[in-house]
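Undergrad:
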Amino acid sequence: KNSGSSYVEKKKALFWSFFAFGLGTMLARATLFSLLVSAWGDTAVIDSALQSDDQCDAADAECSFNALQLRGFKEEMELEEGNEEDEGWLKDITTKTKNHFKHILAPLQKPIVTNYQYLTVLDTYVNYTMRKIENATGRVVVWNKKSLLQEDEEETQEFAEDEFAEVQSTYGRRRRHVGKSEDLPPRARYINKILIYLNKEMDAVWNLNTIVDRKRWGVGNTITSSPYGPHGEHPKRWRANITVPFPTKAPSNPVLNLNNSLTMHMKPENRKYDNKYAQQLQADYASLIDNINDASKKCNDLRARLFKMNWYADKFIALPSGVWNKIDAQS
Numbered sequence: 170k171n172s173g174s175s176y177v178e179k180k181k182a183l184f185w186s187f188f189a190f191g192l193g194t195m196l197a198r199a200t201l202f203s204l205l206v207s208a209w210g211d212t213a214v215i216d217s218a219l220q221s222d223d224q225c226d227a228a229d230a231e232c233s234f235n236a237l238q239l240r241g242f243k244e245e246m247e248l249e250e251g252n253e254e255d256e257g258w259l260k261d262i263t264t265k266t267k268n269h270f271k272h273i274l275a276p277l278q279k280p281i282v283t284n285y286q287y288l289t290v291l292d293t294y295v296n297y298t299m300r301k302i303e304n305a306t307g308r309v310v311v312w313n314k315k316s317l318l319q320e321d322e323e324e325t326q327e328f329a330e331d332e333f334a335e336v337q338s339t340y341g342r343r344r345r346h347v348g349k350s351e352d353l354p355p356r357a358r359y360i361n362k363i364l365i366y367l368n369k370e371m372d373a374v375w376n377l378n379t380i381v382d383r384k385r386w387g388v389g390n391t392i393t394s395s396p397y398g399p400h401g402e403h404p405k406r407w408r409a410n411i412t413v414p415f416p417t418k419a420p421s422n423p424v425l426n427l428n429n430s431l432t433m434h435m436k437p438e439n440r441k442y443d444n445k446y447a448q449q450l451q452a453d454y455a456s457l458i459d460n461i462n463d464a465s466k467k468c469n470d471l472r473a474r475l476f477k478m479n480w481y482a483d484k485f486i487a488l489p490s491g492v493w494n495k496i497d498a499q500s
């Protein structure tokens, strides 16, 4: 009986010793955790602790365990910081940035429409010149016919556009590609859609510029290819192939006044952003403004060439037919 009682007492003593050890370990870990929380973001504190723990005795298991936990904690912190840097591409623009882009993009539609209106007036003027030439020659001015070389070049250009998703203007100006909206987070996608819409309107501007310039080229080609005058043969043998009324009055519009410059000098608002999407949107916005300015300059230059071509047309019409008087209207 005495031996049994002694056995129970020993078991109780052993239980409480294990409990005290476990409680001490838990308190030690809690203390370590509180130190780690207070040291969060301060790698200098952790480095200092690691340096002292590196001096642990090989026999001191608790010291070595603490050092191992500190090293693991530091590695997790470094990994977290690395993830934050990588997520710079994934973080959406702020609502404030979105509203700012809306504010600076909204006024850009007006100069785009103005460029288109300029070209509409220039189109009426080149049509006036074409009708004069058609009346004098009795032939339709061919302006939209493509040579085989032009077709090959355009096919190559279309392939390049599909390959690189870029838009080419009449004069070969490369414009910035605006990325797919589906690849962007919500707020950046919203601004990108506005940019896509405005760039589509600019495509219409460049297309009309191309049409007007091709008509001008068609008039010049008719003049240059008719060295014996409007009829191209003796007046007595000439018969008109078509009937075109001679325009009695030239179009009148302030756009046709050479003293009025059509060139725009818009400047983008320059802001610096840390967000990757905001940086790309800012670059696309600046590129759009450059595109608008360039279109207005090309429009201003085109107007001058149209007036020169109209002067060639009047000179050509006044020449006698059947006499060699070649005019190089494409110079």
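Per my numbering, the very first residue in the sequence shown carries number 170; after that it's consecutive.
We treat Cβ as the ideally placed atom computed from N, Cα and C, and that holds for glycine.
Here the structure is a predicted model, which means the values were calculated and not measured.
Alpha carbon to alpha carbon, how far is P276 from D483? Give it in angstroms, no decimals.
TA: On the sequence shown, residue 483 is found 314 positions in, with the first residue counted as 1. On the sequence shown, residue 276 is found 107 positions in, with the first residue counted as 1. Straight-line Cα distance between these residues: approximately 42 Å.
Undergrad: For R356, which residues in the same chain have their Cβ closer than 8 Å to its Cβ, ignoring the five residues on either side in sequence?
TA: By one-based count along the sequence shown, residue 356 stands at place 187. Taken in chain order, the residues that qualify are D261, I262, T263, T264, T266 and K267.
Undergrad: G398 and L488 - do their beta-carbons sit closer together than 8 Å?
TA: Here the question's residue 488 lines up with position 319 in the sequence shown. Here the question's residue 398 lines up with position 229 in the sequence shown. Yes, these two residues count as a Cβ contact at 8 Å.
Undergrad: If you reduce the DSSP assignment to three classes, tell me which class A329 lands in.
TA: Counting from one through the sequence shown, the residue named residue 329 turns up at place 160. Residue placement at A329 is poorly supported in this model, since its pLDDT is 45, which falls under 50; the coordinates still yield a value, given next. DSSP places A329 in helix when its eight states are reduced to three.
Undergrad: Quick test of your reading: Y287 and L431, contact by CB under 8 Å. State the CB separation rounded to the nearest angstrom.
TA: Translated into positions along the sequence shown, residue 287 becomes position 118. Translated into positions along the sequence shown, residue 431 becomes position 262. Contact holds; Cβ gap of about 5 Å.
Undergrad: Is it true that the CB of Q448 sits closer than 8 Å to the CB of Y454?
TA: Counting from 1 along the sequence shown, the entry for residue 454 is found at position 285. Counting from 1 along the sequence shown, the entry for residue 448 is found at position 279. It is not a contact, given that the beta carbons lie outside the stated cut-off.
Undergrad: Where do the ends of the alpha helix (DSSP H) carrying S465 lie?
TA: Counted from its first residue, the sequence shown places residue 465 at position 296. Residues K445 to A487.
Undergrad: May I ask you to report which of helix, strand or coil DSSP gives G398?
TA: Here the question's residue 398 lines up with position 229 in the sequence shown. Reduced to three states, the DSSP call for G398 is coil.
Undergrad: On the three-state DSSP scale, how would you describe K267?
TA: Here residue 267 refers to the residue found at position 98 when the sequence shown is read from its first residue. Looking at K267 - three-state DSSP - the assignment turns out to be helix.
Undergrad: Could you check whether V290 and L450 sit closer than 8 Å to each other, using their CB atoms as the reference points?
TA: In the sequence shown, counting from the first residue as 1, residue 450 sits at position 281. In the sequence shown, counting from the first residue as 1, residue 290 sits at position 121. It is not a contact, given that the beta carbons lie outside the stated cut-off.
Undergrad: Quick check on this structure: which residue in M299, T306 and W312 has the alpha carbon closest to the alpha carbon of S490?
TA: Taking the first residue of the sequence shown as 1, we reach residue 490 at position 321. Here the closest residue by C-alpha is T306.
Undergrad: In its own chain, which residues sit with a C-beta less than 8 Å from the C-beta of H434, not counting the 5 before and 5 after it?
TA: As a position in the sequence shown, residue 434 is number 265, starting the count at 1. Around H434: N462.
Undergrad: Determine, using beta carbons only, whether V413 and N304 come nearer to each other than 8 Å.
TA: Mapped onto the sequence shown, residue 413 falls at position 244. Mapped onto the sequence shown, residue 304 falls at position 135. The answer is yes: Cβ separation under 8 Å.
Undergrad: Are N429 and P420 close, meaning C-beta to C-beta below 8 Å?
TA: Locating residue 429 in the sequence shown gives position 260, where the first residue counts as 1. Locating residue 420 in the sequence shown gives position 251, where the first residue counts as 1. No.
Undergrad: Mind checking A498: buried by the 16 CB within 10 Å criterion, or exposed?
TA: Start at 1 with the first residue of the sequence shown, and residue 498 comes out as number 329. The residue is buried, with at least 16 neighbouring Cβ atoms inside 10 Å.
Undergrad: Count the other CB atoms, across all protein chains shown, that sit within 10 Å of the CB of N439; report buried if there are 16 or more and exposed otherwise.
TA: Along the sequence shown, one-based indexing puts residue 439 at 270. When all chains shown are included, N439 counts as exposed.
Undergrad: Which of helix, strand or coil does DSSP assign to K499?
TA: Within the sequence shown, the letter at position 330 stands for residue 499. Reading off the sequence, residue 499 comes out as Gln, not Lys. Of the three classes helix, strand and coil, the one that applies to Q499 here is coil, per DSSP.
Undergrad: Residues in its own chain within less than 6 Å of L377 by CB, not counting five upstream and five downstream?
TA: Numbered from its first residue, the sequence shown carries residue 377 at position 208. Excluding positions up to five away in sequence, the list reads L288.
Undergrad: My guess is that R383 and R474 are in contact by the Cβ rule of under 8 Å, so how many angstroms apart are they, rounded?
TA: Here the question's residue 383 lines up with position 214 in the sequence shown. Here the question's residue 474 lines up with position 305 in the sequence shown. Between R474 and R383 the Cβ distance is about 12 Å, and since that is not below 8 Å, they are no contact.
Undergrad: State the Cα-Cα distance for the pair N284 and V492, rounded to the nearest angstrom.
TA: On the sequence shown, residue 284 is found 115 positions in, with the first residue counted as 1. On the sequence shown, residue 492 is found 323 positions in, with the first residue counted as 1. Roughly 42 Å between the two C-alpha positions.
Undergrad: Can you tell which of F476, T393, T379 and Y359 has its C-alpha closest to the C-alpha of H269?
TA: Reading the sequence shown from its first residue, position 100 is the one you call residue 269. Selected option, being the one with the closest Cα: Y359.
Undergrad: V295 and I411 - do their beta-carbons sit closer together than 8 Å?
TA: Working through the sequence shown from its first residue, we reach residue 411 at position 242. Working through the sequence shown from its first residue, we reach residue 295 at position 126. No; because the gap between Cβ atoms is not below 8 Å, this pair is not in contact.
Undergrad: So V374 and I281 are supposed to be a Cβ contact under 8 Å. How far apart are they, rounded?
TA: The sequence position of residue 374 within the sequence shown is 205, counting from 1. The sequence position of residue 281 within the sequence shown is 112, counting from 1. Sure, about 6 Å apart at Cβ, within 8 Å.
Undergrad: Cutting at 8 Å between CB atoms, please list the residues of its own chain near K170, excluding the five before and the five after it.
TA: Mapped onto the sequence shown, residue 170 falls at position 1. Interpretation of K170 is limited by its pLDDT of 47, a score under 50 that renders its predicted location unreliable; no figure is taken from the coordinates.
Undergrad: Measuring straight from C-alpha to C-alpha, what distance separates T379 and N361?
TA: Residue numbering aside, residue 379 sits at position 210 when the sequence shown is read from its first letter. Residue numbering aside, residue 361 sits at position 192 when the sequence shown is read from its first letter. Spanning the two alpha carbons is a distance of roughly 27 Å.
Undergrad: Once you ignore the five residues that flank T293 on each side, which residues in its own chain have a CB closer than 7 Å to its CB?
TA: Taking the sequence shown and counting its residues from 1, one reaches residue 293 at position 124. Excluding residues within five positions, the ones whose Cβ falls inside 7 Å are P420.
Undergrad: Use the C-beta contact count for H272: other C-beta atoms within 10 angstroms, 16 or more gives buried, fewer gives exposed.
TA: On the sequence shown, residue 272 is found 103 positions in, with the first residue counted as 1. Counting Cβ neighbours within 10 Å, H272 comes out exposed, since fewer than 16 surround it.
Undergrad: Grab me the residues of P416's own chain with a C-beta within less than 7 Å of its C-beta, minus the 5 sequence neighbours each way, in chain order.
TA: Your numbering for residue 416 matches position 247 in the sequence shown. Excluding sequence neighbours, P416 sits near Y297, R300 and K301.
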